[in-house]
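Enquirer:
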Amino acid sequence: MIEAILLTIVTASTPLLLAAIGELVVERSGVLNLGVEGMMVMGAVGGFLGMMWTGNPFIGAIVGILFGMALSALFGFLVLSLATNQYATGLALTILGLGLSGLLGEAYVGRSAIRMPALDIPVLTDLPIIGRLVFGQDLIFYVSIALVIGVAWFLFSTKQGLTLRAIGDNHASAHALGIKVIRYRYLAVLFGGGCAGLAGAYLSLVYTPQWAENMTAGRGWIALALVVFASWRPARVLAGAYLFGAVSIGQLHAQALGIAIPSQLLTALPYLATIVVLVIISQNRRLTMINTPASLGKSFVPDR
Amino acid sequence: MKTTLLTTLATATALSLTMAPAAFAQQDTAEACFVYVGSATDGGWSQAHDEARQAVDEHFGDAVTTRYVESVPEANSEGTIERLARSGCDIIFTTSFGFMDPTIAVAERFPDVKFEHATGYKTADNVTVYNSRFYQGRYIQGQIAASVSETGTAGYIASFPIPEVVQGINAFLLGAQSVNPDFSLKVVWVNSWYDPGAEADAAKVLIDQGVDVITQHTDSTAPVQEAEARGIKAFGQASDMIEAGPTAQLTAILDTWAPYYIERVQAVLDGTWESESNWDGLADGILTMAPYTNMPDEIAAMAEETEEAIKSGELVVFTGPITKQDGTVWLEEGEVADDGTLLGLNFYVEGVDDQLPQ
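Taken in sequence, the protein lines are chains Z and G. Be aware that the first sequence starts at 574, since it is given in our numbering, and climbs by one per residue. Be aware that the second sequence starts at 1311, since it is given in our numbering, and climbs by one per residue.
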């Protein structure tokens, strides 16, 4: 039973974690991409189409990543090369992604996907409680954990990571130092798009192996909130995503057990928890200032 | 052609001026418009309405044109409905419970346009409400669930605590209790009509808690798909979901709105349209059951028998003795619930393992 609950929590948390860790890198570079939901839903349709064309869910996942990246490339071109308003462009990206994905996937609504197979190692996978949890997951789960570790290492232990953070804090100074601000930001935006795409592909290939219009149902927005929730720190994104997943699955279990709490309140719990944590962390203004990329959301035009 | 139409219109106007209401405001063509809460290809609720719209198109040929707007959020549907009313629709079908107040509001401003609101309870001179007695199908599902279940517990994935959903839960349990008096039902509210992820989560949670049959009052195929993956049984909702669960789906409640829509559009053409409250069921063909599959023959036979009994009126689902969840008597022996009570149903019958959100 505990194993079953934990497995369900992992499934609910993984797409949030993937999208959030990608967005974290984007925001660390000083770019705010509000189009996570759009890139994610494009990843979902891409993953499904890729799987349909090739019959292979792994190739599907790669197509999903590419779809997410393609949309983020458009975003990058607009906000980085043309210096458009990041908020408006991001919102437009979400609307575009939702519409475009519906169009692309129209012929496939209601068809089932080939579910991405889970890892199966003799003995290890059969261990009680932790067996399936640690050794019996699908590939994307392991990728999500590896990404958190990789991003943490990159941001805080490599020169490029430091440069990226410097750009996010003050793009003008970074530019004066001869750092290629736009190039770094392009790469960060593409990385974020790829992660959101993979998160979407996880939805259409593992979570609910099918394509349904608007199947992300707001998860991209939760991922955005998680980045702030985590005060732009990878380990806290991991904790936040799993906390969110745990509360949303926990409330369903509470309901099924017949625990007498209003279900509307239970459904609101994960969101309430996010708000409470946001309130708590914004109490300490200095800490918030230290963690927030100072150039976040500001356009940068090199020659001005 | 044009002259005839103009003459007809002129006559109609003259008639309506002199002897309102216009008794014979016939027209040669009509435009029927539809508002969907989900996508027209959602594989469930909205798709069922859209299939009926296509049937209207086919039935009338050139005489009737249809238009639809999909994925309209309930909260700000008024603008959409108003645009349709303004742009020449003769009759507008708004197909979700949450469209009720916006429909009434727009109808007041456009007295010449006919409105038909699905699943609500507010009418006006130019607003008809129509609904299907889905609960009749739920009763059959309950009987099937109690017959095939080994754990004696079914799971119910519910959307919002509105009367229509509560009717379904009660009818399902009454059906199940008619086969197994100790049958229990776990209800999980996802507070959404459509969220494949959350619906799948709810299905997983219910299966983990030991149910071996799930039924849903939400619109995506995710719960049926999850049931298929976990090797348990499920019921389709609004559309046939057999593709999502080839070995899981026992049957499905199918919304077949086509005959009703054709009848109502015909009434507009004939000029005989009037505001009504229509609540049809299995007997009228507005509600049909998908083939009884993945179950032993004798259970399928029982289900067919029940279906026939409901159609003939021999079996009425909400007939006493029925006790409410709190132990008080709702219906005495032989007493039949009136439609007014059902349309405002806000309590469970005895045996539901859940507290109804108020």
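Ideal placement from N, C-alpha and C gives every residue a C-beta, glycine not left out.
#1: Of all the CB atoms in chain G, is at least one closer than 8 angstroms to the CB of Z/MET612?
#2: Short of 6 angstroms in beta carbon distance, which residues of its chain neighbour Z/THR581, apart from the five on each side in sequence? Order them along the chain.
#3: Who pairs with G/TYR1571 in a beta bridge, going by DSSP?
#4: Using 8 angstroms for Cβ pairs, my map puts Z/LEU645 next to Z/GLY741. What's the rounded Cβ distance?
#5: Taking C-beta to C-beta, are G/SER1494 and G/SER1469 nearer than 8 angstroms?
#6: Using only CA atoms, which one of G/VAL1345, G/TRP1640 and G/THR1339 lies nearest to G/GLY1408?
#7: For a cutoff of 8 angstroms on Cβ pairs, would you count G/GLU1553 as touching chain Z?
#8: Between Z/PRO782 and chain G, is the shortest Cβ-Cβ distance under 8 angstroms, so that the two count as touching?
#9: Starting from G/ARG1377, trace the beta strand (DSSP E) both ways and give me its first and last residue.
#10: Relative to the alpha-carbon of G/ASN1386, which residue among G/VAL1347, G/GLU1361 and G/GLY1637 has its alpha-carbon at the smallest distance?
#11: Between Z/PRO843 and chain G, is any beta-carbon pair separated by less than 8 angstroms?
#12: What residues in its chain sit with their C-beta under 8 angstroms from that of G/PRO1331, if we drop five residues either side in the sequence?
#13: Using 8 angstroms for Cβ pairs, my map puts Z/VAL614 next to Z/ARG688. What's the rounded Cβ distance?
#14: Can you check whether the C-beta of Z/SER685 is within less than 8 angstroms of a C-beta belonging to chain G?
#15: On the DSSP bridge list, what partners appear for G/TYR1466?
#16: Under 8 angstroms between C-beta atoms, does G/LEU1516 make it to chain Z?
#17: Got a sec: which bits of the segment 662-675 of chain Z sit with their beta carbon under 7 angstroms from any beta carbon on chain G, in order along the chain?
#18: What residues in the segment 803-827 of chain Z bring their beta carbon closer than 8 angstroms to a beta carbon of chain G?
#19: Establish whether the CB of G/VAL1475 and some CB of chain Z are separated by less than 8 angstroms.
#20: Less than 8 angstroms between the C-beta atoms of Z/SER586 and Z/PHE817, yes or no?
#21: Here's the rule: buried if 16 or more other CB atoms are within 10 angstroms of the residue's CB, otherwise exposed. What is G/ASP1522?
#22: For G/ALA1613, which of helix, strand or coil comes out of DSSP?
#23: Just how far apart, CA to CA, sit Z/ASN658 and Z/GLN837?
#24: Can the beta-carbon of G/LEU1666 be found closer than 8 angstroms to that of G/VAL1498?
#25: Tell me whether Z/MET862 is buried or exposed, calling it buried when 16 or more other Cβ atoms sit within 10 Å of its Cβ.
#26: Just mark G/THR1328 as buried or exposed, buried being the case when its beta carbon has 16 or more other beta carbons within 10 Å.
#27: From the beta carbon of G/GLN1355, is the nearest beta carbon of chain Z less than 8 angstroms away?
#28: Alpha carbon to alpha carbon, how far is G/SER1587 from G/THR1651? Give it in angstroms, no decimals.
#29: Would Z/GLN710 pass as an interface residue toward chain G - the criterion being a Cβ-Cβ separation below 8 angstroms?
#30: Between G/GLN1665 and chain Z, is the shortest Cβ-Cβ distance under 8 angstroms, so that the two count as touching?
#31: In whole angstroms, give me the CA-to-CA distance for Z/PHE648 and Z/GLY608.
Expert: Inspection of the coordinates gives the following:
#1: No - not a single Cβ of chain G is within 8 angstroms of the one on Z/MET612.
#2: Only ILE822 meet the Cβ criterion.
#3: Note: G/TYR1571 sits in no beta bridge, so no partner.
#4: Going by the sequence as given, residue 645 of chain Z is Ser instead of Leu. No, Z/SER645 and Z/GLY741 are not in contact; Cβ-Cβ is about 17 angstroms, not under 8 angstroms.
#5: no
#6: Residue G/VAL1345 is the option with its Cα nearest to G/GLY1408.
#7: For G/GLU1553, a Cβ of chain Z is located within less than 8 angstroms of the residue's own Cβ.
#8: yes
#9: 1374-1379
#10: For the set G/VAL1347, G/GLU1361 and G/GLY1637, the Cα lying nearest the Cα of G/ASN1386 is the one of G/VAL1347.
#11: no
#12: Caution applies to G/PRO1331, whose pLDDT of 43 falls short of 50 and renders its modelled position unreliable; the value that the coordinates give is listed next. Same-chain partners within the cutoff: there are none.
#13: 19 angstroms between Cβ atoms; not a contact.
#14: yes
#15: G/VAL1497 and G/THR1525
#16: yes
#17: GLY675
#18: Within the segment 803-827 of chain Z, the residues whose Cβ lies closer than 8 angstroms to some Cβ of chain G are SER821, ILE822, LEU825 and HIS826, listed in chain order.
#19: no
#20: yes
#21: buried
#22: Reduced to three states, the DSSP call for G/ALA1613 is helix.
#23: 36 angstroms
#24: no
#25: Z/MET862 should be labelled exposed.
#26: A caution first: G/THR1328 carries a pLDDT of 41, below 50, which makes its placement in the model too unreliable to give a value.
#27: According to the sequence provided, residue 1355 of chain G is Trp. The question's Gln does not apply to it. So, not an interface residue.
#28: 15 angstroms
#29: no
#30: Yes, its Cβ sits closer than 8 angstroms to a Cβ of chain Z.
#31: 8 angstroms
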